[in-house]
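Sequence positions in the sequence shown follow the numbering used here and run 114 to 682. The beta carbon of each residue, even a glycine, is placed where N, CA and C say it ideally should be. Owing to the predicted nature of the structure, the values given are computational and were not obtained by experimental measurement.
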Amino acid sequence: MIDSTRTSRRDAQLAAVKDAGRTTVLIIGGGINGISLFRDLSLQGVDAVLVERNDFASGASAASSHMIHGGIRYLENGEFRLVRESVQERNGLLRIAPHYVKPLQTTIPIYSTFSGILAAPLRFLTHRSGKPQERGAVLIKAGLVLYDTFSRDGGSVPRHRFLGRRRSLAELPALDTDIKYTATYYDASMHDPERLALDVLQDGRSANEDSYAVNYVEAIGRRGREIVLRDRQSGDEFTVAADVVVNTSGPWTDLTNEALGTETRFMGGTKGSHIVLDHPELLAATQGREIFFEHSDGRIVLIYPLKGRVLVGTTDIDADPRQPARCTEEEIDYFFDLIHHVFPKIPVSREQIVFRFSGIRPLPRHEDTAPGFVSRDYRVELDDSGEVPLLSLVGGKWTTFRALGEALSDRVLGLLDRPRKTSTAGMPIGGGHGFPRTVRAREAWKKSNLPGAAERGDQLLVRYGTRAAEVWDFVRQGEDRPLAGGALSTRELQWMVDHELVVRLADIVLRRTSIAFVGDADGAVLEEIADALGEILGWSAEQRASELRTTIELLNDAHGLSIPLPARP
Ligand SMILES: Cc1cc2nc3c(=O)[nH]c(=O)nc-3n(C[C@H](O)[C@H](O)[C@H](O)COP(=O)(O)OP(=O)(O)OC[C@H]3O[C@@H](n4cnc5c(N)ncnc54)[C@H](O)[C@@H]3O)c2cc1C
């Protein structure tokens, strides 16, 4: 029987933060970049408190194309520093987070030999956009040679190769027969970004018992040395004093600064959307590769197999972070055009969309630069006019989170006059520790660490990496029941509440598992998980009903589902 009377782990963390009333570094925003800073500081022995107003990794960090990539097209913007760092970080993450980051074979279909070649050098020089055009073979070849050069740090991924039309079509027969070449190279895919973020966060907590991270807590103001926080669950307001405050609110950085009484105009985010298709024919056509190309209007497009589904994205549209980002019907039409452009013989329809999502990239303010060509590099701004220094992060991709966390932490250490004790480069992340990399090693690992788990062993290993051993140990010690057709179980849910600070039903279906992403979040599944979660968290019947309704409204509105709302009690 599950004990519903005890305080949840999240509430215990919150109570500790309130009791202490102060910390060394307060981090506002629990996307991947705030989380990465939290881990780095904790590893230096610096106490930190991280507050996130929604769930961890639910902002821009939940809206990515799931790529850990060098960003070959940023070469065109002249962003060599960023591309070099990104490629190094990609190679690093393949080593330190092998449970979530996997090599991804990527193919660019090419329709012409020369196009784009004249526009590109102009962009190298001016960092401005000319009229975007589809890239020709010569330009792509030049980019890939440079890209390979940046990859020469141990050969984590194979070099690129170029094929002519005949051999390209032999490899990918569903491609448009008008193509002239294909270029194939390797980047990396991250199949569970939100879980990777949780792993980084957990590393931070384990490294320093005086560091805390709490979700559903918002920074709403500043009084001298103190930041005013609001617990969005209870509505309670309280303050925490800090020696340094770091604003890692992503696209909302200016709005957070405004709440703190500082006016800034750093940000100029752009919206990007994706759809997820349950489409076996399209999935088979990709042959396990990402198909990546630039459309005739200059925007980047990807068609990409993930979790037995096909992810298609993305768009790049100036956006107001005060408005929720949504994937519109026009964006879907655009995606369908693109699929048709590459795989003309494969029909696609709206019924095949099982999930959609949209988010705002935390890009720097850009005046006359077209959205697709705005710098993807990051910078840190210091405001030392108040009683406490306030650092704001501007930009920062998923790919570079480790290096960014270290760079940002160095700025904080400088302000605190504290030394760096260790680097996170090469340090395994969470369940990436001792992760078995071959089929044989995986079988042996499961045999010794997941006794009796049978076929569930694979699911646990994919979801938690080698942390699966602790999870399975816990699951086995009590009565366990499958949920969502076996995608989850009651004991695992309890584990998530205890160790991963679950507060809402949406935390489970959107971020702790892939239930919504693959299209399995129907009314019955949500009811079943709400029952089990309500029992663990001690929800009343009214709380359960309201939680279910809120989650369904969110899934329908933000993710394009059409789950009927339950009748009001
Ligand atoms: C469409 C799209 C595709 C992308 N694809 C890729 C990709 O394939 N690869 C890649 O490397 N990058 C990609 N990115 C970029 C990457 O996702 C983001 O740059 C990165 O996740 C930013 O993380 P962050 O922590 O800085 O911001 P966020 O993840 O947005 O985190 C900021 C957090 O601050 C919180 N917050 C805001 N205000 C407050 C407050 N007052 N109090 C407390 N909390 C607050 C928010 O709730 C939010 O969770 C993509 C982005 C988008 C939108």
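Would the beta-carbon of glycine 382 fall within 8 Å of that of leucine 282? Remark: C-beta atoms of glycine 382 and leucine 282 do not approach each other more closely than 8 Å.
In the DSSP output, what is proline 286 paired with across the bridge? None; proline 286 has no bridge partner.
Roughly how many whole angstroms lie between the Cα atoms of leucine 646 and arginine 662? Going from the Cα of leucine 646 to the Cα of arginine 662 covers about 15 Å.
Of the listed residues Ala643, Gly158, Glu442, Asp391, nearest to valine 423 (C-alpha basis): That would be Asp391, whose Cα lies nearest to the Cα of valine 423.
Same chain, Cβ closer than 7 Å to glutamate 519, neighbours up to 5 away in sequence not counted: Cβ within range, chain order: Asp153, Ser536, Thr537.
Which residue marks the beginning of the alpha helix (DSSP H) containing methionine 303, and which one marks its end? Where methionine 303 is concerned, there is no enclosing alpha helix (DSSP H), although the beta strand (DSSP E) it sits in stretches over 294-303.
Who does glutamine 218 pair with in a DSSP beta bridge? DSSP lists Tyr299 as partners of glutamine 218.
Extent of the continuous beta strand (DSSP E) to which serine 505 belongs: Where serine 505 is concerned, the enclosing beta strand (DSSP E) stretches over 503-507.
Between glycine 539 and valine 501, what straight-line distance do the alpha-carbon atoms span, to the nearest angstrom? The straight-line gap from Cα to Cα measures roughly 33 Å.
Residue span of the beta strand (DSSP E) that contains proline 418, given as start and end: Looking at the DSSP string, the run of the beta strand (DSSP E) that includes proline 418 is 413-419.
Measuring only from the beta carbon, is leucine 506 closer than 7 Å to any heavy atom that is part of ligand 1? Checking every heavy atom of ligand 1 against the Cβ of leucine 506, one is found closer than 7 Å.
For leucine 217, which residues from the same chain have a beta carbon less than 6 Å from its beta carbon, with the 5 sequence-adjacent residues on both sides left out? For leucine 217, where only same-chain residues beyond five positions count, the Cβ hits under 6 Å are Asp300, Ala301, Ser302, Glu403.
Ignoring anything shorter than 4 residues or poking outside the stretch 120-149, list the alpha helix (DSSP H) runs there in chain order. With a minimum length of 4 residues, the unbroken runs of alpha helix (DSSP H) contained wholly in the stretch 120-149 fall at 122-133.
Flag this pair as yes or no: are the beta carbons of leucine 163 and phenylalanine 151 separated by less than 8 Å? Their beta carbons are under 8 Å apart, which means leucine 163 touches phenylalanine 151 by this criterion.
Of the residues Ala250, Phe630, Leu618, the one placed nearest glutamate 640, counting alpha carbons only: When each option's Cα is compared against that of glutamate 640, the closest is Leu618.
Would you call the CB atoms of phenylalanine 630 and phenylalanine 449 closer than 8 Å? No, these two residues do not count as a Cβ contact at 8 Å.
Compare the C-alpha of histidine 304 against each of Ile181, Gly599, Leu650, Thr352 and name the closest. Per the Cα distances, Ile181.
For isoleucine 223, which beta-bridge partners are listed by DSSP? In the DSSP assignment, the residues bridged to isoleucine 223 are Tyr294.
Closest by CA to glutamate 322, which one among Ala161, Gly147, Phe587, Pro437? Comparing Cα positions, the closest option is Ala161.
Rounding to the nearest angstrom, what Cα-Cα distance links tryptophan 511 and glycine 142 in this structure? Going by the C-alpha atoms only, they are around 15 Å apart.
Please state the DSSP three-state secondary structure of methionine 609. Secondary structure of methionine 609 (DSSP, three-state): helix.
CA-CA distance, aspartate 670 and valine 389? Their Cα atoms are separated by approximately 16 Å.
Is proline 437 near ligand 1, judged by its Cβ being under 7 Å from some heavy atom? Taking non-hydrogen atoms of ligand 1 into account, the C-beta of proline 437 is found less than 7 Å away from none of them.
For aspartate 289 versus proline 222, is the C-beta distance shorter than 8 Å? Taking 8 Å as the cut-off, the Cβ atoms of aspartate 289 and proline 222 count as close.
For arginine 551, does the count of other Cβ atoms within 10 angstroms reach 16, so buried, or fall short, so exposed? For the record, residue 551 in the displayed sequence is threonine; it is not arginine. Result: exposed.
If we ignore side chains and look at the alpha-carbon of each, how far apart do valine 358 and serine 471 end up? Those two C-alpha atoms are separated by around 29 Å.
With which residues is asparagine 360 paired in a DSSP beta bridge? Beta-bridge pairing links asparagine 360 to Ile141, Ser505.
Proximity test, Cβ basis, 8 Å: arginine 553 and chain B: The structure shown contains no chain B; it is built from a single protein chain.
Tell me the rounded alpha-carbon separation between valine 683 and glutamine 201. For residue 683 there is no data in the structure shown, the boundaries of the chain being 114 and 682.
At 4 residues or longer, what runs of the alpha helix (DSSP H) sit wholly inside the stretch 301-372? Fully enclosed alpha helix (DSSP H) runs of 4 or longer: 306-320, 366-372.
Report, in whole angstroms, the separation of the C-beta atoms of serine 177 and proline 286, which I expect to be a contact under 8 Å. Incorrect: roughly 30 Å between the Cβ atoms, too far for contact.
If we count the other Cβ atoms within 10 Å of its Cβ and call it buried at 16 or more, is glycine 134 buried or exposed? Residue burial annotation: glycine 134 is exposed, with fewer than 16 other C-beta atoms found within 10 angstroms of its C-beta.
Assuming phenylalanine 470 is part of the beta strand (DSSP E), what are its boundary residues? Boundaries of the beta strand (DSSP E) around phenylalanine 470: 466-474.
With a threshold of 7 Å, establish whether the CB of threonine 512 neighbours any heavy atom of ligand 1. At least one heavy atom of ligand 1 is nearer than 7 Å to the Cβ of threonine 512, so yes.
According to DSSP, residues forming a beta bridge with aspartate 168: The partner list for aspartate 168 (beta bridge, DSSP) is empty, contrary to what the question assumes.
Histidine 240 (DSSP reduced to helix, strand or coil): Summary for histidine 240: the model assigns pLDDT 41, below 50, so the residue's position carries little reliability; its value from the coordinates is reported in the next sentence. DSSP places histidine 240 in the coil class of the three-state scheme, outside both helix and strand.
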